[in-house]
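Residues in the sequence shown are numbered from 51 upward in steps of one, following my numbering. To start, the structure under review is shown below, and the notes come after it.
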Amino acid sequence: MATREPVECPVCREPTAQGQQLEDHLLESHSKPELASFVAAETTVPATGDPAD
Ligand SMILES: [Zn+2]
51 MATREPVECP
61 VCREPTAQGQ
71 QLEDHLLESH
81 SKPELASFVA
91 AETTVPATGD
101 PAD
């Protein structure tokens, strides 16, 4: 468990560099607006017809 497996970035689908944390990749490779729009798109709640609005 000494080495970390490269993680695929969910935003750009690129694997992170060897030993690089996904967080570091996100900070280095993606702007804040880019991350915001990605998270917003991912968290879009499908319309279920819930009357509690
Ligand atoms: Zn990325």
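Just so it is clear, CB atoms sit at the ideal spot from N, CA and C, and this is done for glycine as well.
**Message:** By the three-class DSSP mapping on this structure, what secondary structure does GLU64 have?
**Reply:** Three-state DSSP puts GLU64 in coil, outside helix and strand.
**Asked** If you drop the 5 nearest sequence neighbours on each side, which residues of the same chain put their C-beta closer than 8 Å to that of PRO65?
**Response** Taken in chain order, the residues that qualify are PRO56, VAL57, GLU58, CYS59.
**Message:** Once DSSP output is grouped into helix, strand and coil, what is the label at GLU58?
**Reply:** Here GLU58 sits in strand by DSSP.
**Asked** How should LEU76 be labelled, buried or exposed, when 16 other C-beta atoms within 10 angstroms of its C-beta is the threshold for buried?
**Response** Classification for LEU76: buried.
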